[in-house]
Amino acid sequence: MLGKKWAMKALTLPFAALLLFSSAGAHAAIFGADNRIDIGPNNPFRSVQNSVAVGILSSQEEAGPNGTINLVAPSNEGKMCATERFVKDPSITYACTAFLIAPDLLLTAGHCAVNVGISEHETKTYCKAYSWLFDYAPGFNGKTQTQGIDADKMYRCKETVYAVNEEQAPYRDFAIIRLDRPVLGRAPLKLSSEAIAENSVLAMVGHPMGMPAKVATNAKILVNDPAYQKMITTLDAMDGNSGSPVLNSKREVVGILVGGFPSDTFLTDEKNKCQALNRCDDNGLNCIQPDTDLKPFPSYQAVGSEVQKLEGVREILNRILP
């Protein structure tokens, strides 16, 4: 499912492409203060961002001069309300986020690589549809390069090693992507081996709404039921954040952003004819547009941003890694 703004953009995509992404999208909202920050060259999370890639559909890239790549990434001016932050940023439709866990392996959300169920060693559909770009973030001039991008920063999917997106318990949602070549000069992110403390302060690096890299900080855990492979947090998240690494205070990965509630990330401002972000308080309550009934969505435990924990991921990694 997608936010309203994304539904408008989707009309420009081929119908076949739309079928792939019928279950894609990370709903959620802003919880409390908007803690999203641009990851510029001097941001302390830049070292993390260096190992994070944005997933781009083939329809969103074009050939540039001298073998370079141009992105189709118009801003949201005229769609999002002028009072919203980052409206002038470039925005890639149907983006996902992923991060390095080995020189040629990315970890991302399952729904970025399979519609429903389990897929192993897949080389078509999603694998062929998505490419993965590094360094989609502001430079020293404060601007993000979208034209004339060095092709060495773009990686193709060689195979989806394993992807799962379950509609029944345990509701796993993660994917492991093998790239067409090893990524040099970028360190894989460390997966935390420690139990997640209930009072953990969380951060997340990713590409909300397909925008240049943002870090969302100062989030807390609302629900961490051991019966579920997912926990509920107050990370400020939305479409495009699917697959983002969720980090503890040591900047080690403790999970993957995969979804969330409220389902309406965007609200229509009828007076100004624009889209505004939905907002809730920092306990996931008092949303501008609340979800009144979660019963049709049994995988969701509460309002908040949903994070896939690492237990199920490790089981698969232990099977495929030497």
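Numbered by my numbering, the letters in the sequence shown go through residues 21 to 342 in order.
Note that CB positions come from ideal geometry on N, CA and C, so glycine has one too.
In the assembly as shown, I138 is an exposed residue. Its beta-carbon has fewer than 16 other beta-carbons within 10 Å.
With contacts defined as CB atoms closer than 8 Å, G263 and L330 fail to qualify as a contacting pair. The C-alpha of L211 is placed about 11 Å away from the C-alpha of K270.
In the three-state reduction of the DSSP assignment, D256 falls in the coil class. A residue is called buried once 16 or more other Cβ atoms fall within 10 Å of its Cβ, and H141, having fewer, is exposed.
Shortest Cα-Cα distance from Y114 to any of L125, Q80, L120 involves Q80.
Taking C-beta atoms as the reference points, A122 and P208 count as a pair closer than 8 Å. For Q328, DSSP records a beta bridge to K250, I276.
Around the beta carbon of T143, a 10 Å sphere encloses fewer than 16 other beta carbons of the protein chains shown; the residue is thus reported as exposed. Cβ neighbours of A171 within its own chain (closer than 7 Å, five residues either side excluded): G87, T88, I89.
In this structure, the alpha-carbon of P228 lies about 13 Å from that of I76. D200 and Q69 have their C-alpha atoms some 21 Å from each other. Taking C-beta atoms as the reference points, I336 and I216 fail to come closer than 8 Å. Judged by their CB atoms, G324 and T253 are nearer to each other than the 8 Å cut-off. Relative to the Cα of K108, the nearest Cα in the group G230, T288, F281, A247 belongs to G230.
Under the three-state reduction of DSSP, S79 is assigned to helix. Here the alpha carbon of A83 sits roughly 14 Å from the alpha carbon of A93. Following the DSSP letters along the chain, one finds R66 inside the alpha helix (DSSP H) bounded by residues 66 to 69. Secondary structure of V333 (DSSP, three-state): helix. M100 carries a strand assignment under DSSP once its states are collapsed to helix, strand and coil. Residue Y248 holds the alpha-carbon nearest to the alpha-carbon of Y191 among Y248, R66, S283. Nearest to Y175 by C-alpha distance, out of L125, A133, G162, is L125.
DSSP links Q295 through a beta bridge to M100, T288. Per DSSP, C147 is one residue of the alpha helix (DSSP H) stretching across 145 to 149.
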